[in-house]
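Let me begin by presenting the structure, written as structure tokens, before commenting on it.
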Amino acid sequence: MSDLPDLASIHAADTVVGTPALLARPTTHDRWVDRRDPVAIVGGGLAGIAAATVLESCGLAVILIESRQDLGGRASSFQDAQSGEWLDNCQHVLLGCCSNLIDLYRRLGAIEHIKWYRRVHYIDDRGRHYSLWSVPGLPAPLHLGPAMALFSLLSIGERLSVAHAMRAMMRLGKSGRAGLANISFGEWLARHHQPTSVIKKFYDPIVISALNEDTQRAAALYAIEVFQEAMLRNRHGYMMGLPDGPLQTLYTHRPCRDVRLGQRVTEIVCRDKTVSTIRLASGEHIAVSAVVLATNHHAVEKLISPEWLRTDSRFASLGKLESVPILGAHMWFDRPVMKLPHAALIEGPLQWLFRKDELGTAVHGVISAARPWATTPHEHCAALFERQLQMIFRQPQAKLVRYRIVIEKRATFAPSPGIDRFRPPQAPVPGGIENLFLAGDYTRTGWPATMEGAVRSGYLAAGALLQAMPHTAKLPSPLANDLPFERAARWLSGSD
Ligand SMILES: Cc1cc2nc3c(=O)[nH]c(=O)nc-3n(C[C@H](O)[C@H](O)[C@H](O)COP(=O)(O)OP(=O)(O)OC[C@H]3O[C@@H](n4cnc5c(N)ncnc54)[C@H](O)[C@@H]3O)c2cc1C
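In my numbering, the protein residues as written are 1 to 496.
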């Protein structure tokens, strides 16, 4: 394990975009952009937080409205009624390649709460421990080479298979990856002769958790993006970041001055192709110059009138996005069970484990793509998890004294082949609502539903809104730079 508090400094994009006090400039057109009313951001998840941060830093008057009492949306914590402790709805993991999320944490002053791990641990069904680590100073993709060569979880033949597939992914580049939008990763793995045993031991722990989808069913485009961005582009891309406390501690710095918590928007009122007002459950009406709608896609359908759901083509295919559940299990044992800070588990049911206290008595387990678990009774889950941990930690006497299981049924949308044609763009489309911008992990970001995808969507929505204002035409995109494509990686891939 190693702490890398300076990871963020490798990202070139800095925090402030645009010039302040844009709205104070004189304007000549009588359009929505010239109104002095504030921009409303509906939804205080990562997408809404990201949009609010950028727009307020550009001098716009911003109101962020969130129906819950806390910010963070799906990446947030709740207070356990039994113990009073703050628990995350589920452990959230980021990687070094999540440039925009890291940029947002910097803007929010939260980056020092992220602990970085250079060594990624694995435990097999018999409790044997393996790890992947990088050699400091070696550029991507060579940085993981020595660890892969010694990765005895895989036989030598299996390691060669992985090397063959990684080489093929490198050669694809970004454009080759884009050409795989309509095929499944299972199909791509079969074409590249990857044995079932390698899928289970190597691909599953990475792909299922990163995409919240079965390795075989996920779009090849997104699965390959994970390997290209996290492992094959830059030596820092694969590093695992974990918050050092509950997710809530990341949002103590407000993204804008006017944050209204515990207030639910009930309607986005639209006339002549523009939103003029939003209505709150309290009965309040707020006049707005524009709206960034940053809820999940299920809520969108409740806030927009049926007429505009039909007319604005961005809403046409939202019903095609399938939700996939994630299970998170908070568990407290009567004795220390876990020494490692985290581990991927090769044999289920839990797929990943995270140690939650110094002693290792409190642990958190995760099952992604948890469709079969959505209706399983919690006592049954707990009994299975207790047995799994007793076995892998070789502590048959260890007793689970308390647990709390959280199943998010609508955790993320399924990143299926061809999914991107159903994901709407953030910016208004011809014939649609002219001052309504969409943000949220479900919008078209080029990323799967992750914290990074959500932040990208918020930045893209804010960028599109700023771009629509005549006096801001020259602003750079608020998106942070991706990690640099290291020379060795570029040379070995021979591609873009
Ligand atoms: C269990 C689980 C585990 C996950 N693990 C990871 C992980 O390890 N790594 C990772 O990168 N990603 C992970 N994700 C995905 C990540 O959490 C999401 O992609 C991201 O948080 C989505 O952010 P968002 O802003 O797009 O949407 P949301 O977080 O859903 O935010 C939307 C907000 O809008 C609010 N809202 C809705 N309707 C209204 C209304 N009418 N008025 C006002 N407010 C409203 C909601 O309360 C919510 O706060 C996980 C998700 C889940 C559920």
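We put the CB at the ideal spot given by N, CA and C, even for glycine. Fair warning: this is a prediction, and the values are worked out from it, not measured in the lab.
The beta carbons of Leu160 and Tyr122 sit about 19 Å from each other, so the pair does not count as a contact at 8 Å. With respect to the 9 Å criterion, Thr412 and Ala449 are classified as neighbours on the basis of their beta carbons. Ala190 and Ile183 have their alpha carbons spaced roughly 12 Å apart. In the three-state reduction of the DSSP assignment, Thr266 falls in the strand class.
The three-state reading of DSSP puts Ile433 in coil, since its state is none of H, G, I, E or B. Counting the other Cβ atoms within 10 Å of the Cβ of Trp447 gives 16 or more, which makes it buried.
Taking a 10 Å sphere around the C-beta of Ile326, we find 16 or more other C-beta atoms and assign the residue as buried. Under DSSP, Ser323 takes part in a beta bridge, and its partners are Phe413. Separation of Ile224 and Ala370 (C-alpha to C-alpha, rounded to the nearest whole angstrom) is 22 Å. At a cut-off of 8 Å, the beta-carbon of Arg68 counts as near ligand 1: some heavy atom of the ligand is closer than that. Counting only the Cα atoms, Arg171 lies some 12 Å from Arg233.
In this structure, ligand 1 has a non-hydrogen atom nearer than 8 Å to the beta-carbon of Cys90. Of the other Cβ atoms in all chains shown, fewer than 16 fall within 10 Å of the Cβ of Thr375; this residue is therefore exposed. Distances between the C-beta of Met169 and the heavy atoms of ligand 1 are all 8 Å or more. Counting the other Cβ atoms within 10 Å of the Cβ of Ala149 gives fewer than 16, which makes it exposed. For the options Ala52, Pro246, Ile63, Glu56, the alpha carbon positioned closest to that of Ile286 is the one of Ile63. Here Thr445 is buried. Its C-beta has 16 or more other C-beta atoms within 10 Å. Annotation for Thr274: the continuous beta strand (DSSP E) segment containing it runs 274-280. Contact between Glu158 and Ser131 fails: their C-beta atoms lie close to 17 Å from each other, not under 8 Å.
Of the residues Gly179, Ile208, Gly43, the one whose Cα lies closest to the Cα of Ser368 is Ile208.
Look at Gly157 here: in three-state DSSP terms it is helix.
Residue burial is scored here from C-beta neighbours: Ser457 has at least 16 other C-beta atoms within 10 angstroms and is therefore classed as buried.
When Arg260, Asp420, Asp272 are compared, the shortest CA-CA separation from Ser282 is found for Arg260.
Assigned with DSSP and collapsed to three states, Gly173 falls in helix. For Arg355, the pairing in a beta bridge is given by DSSP as Val363. Here the distance from the Cβ of Cys98 to the nearest heavy atom of ligand 1 is below 8 Å. For Thr450, the distance from the CB to the nearest heavy atom of ligand 1 is below 8 Å.
If you look at Val291, you'll find it in the beta strand (DSSP E) that goes 290-293. Note on geometry: alpha-carbon atoms of Leu309 and Arg355 lie some 45 Å from one another. Relative to ligand 1, even the nearest heavy atom lies 8 Å or more away from the CB of Tyr203. For His121, no alpha helix (DSSP H) run applies; the uninterrupted beta strand (DSSP E) run containing it begins and ends at 120-123, by DSSP.
Cβ-Cβ distances below 7 Å link Pro336 to Leu359, Gly360, Thr361 in the same chain, with the five nearest sequence neighbours on each side left out; the list follows chain order. At a threshold of 8 Å, Gln263 counts as near ligand 1, since its beta carbon sits closer than that to one of the ligand's heavy atoms. Comparing alpha carbon positions, the residue from Gln228, Ile156, Leu108, Pro146 closest to Cys97 is Gln228. Note that the C-beta distance between Trp332 and Val406 is not below 9 Å.
Secondary structure of Leu384 (DSSP, three-state): helix.
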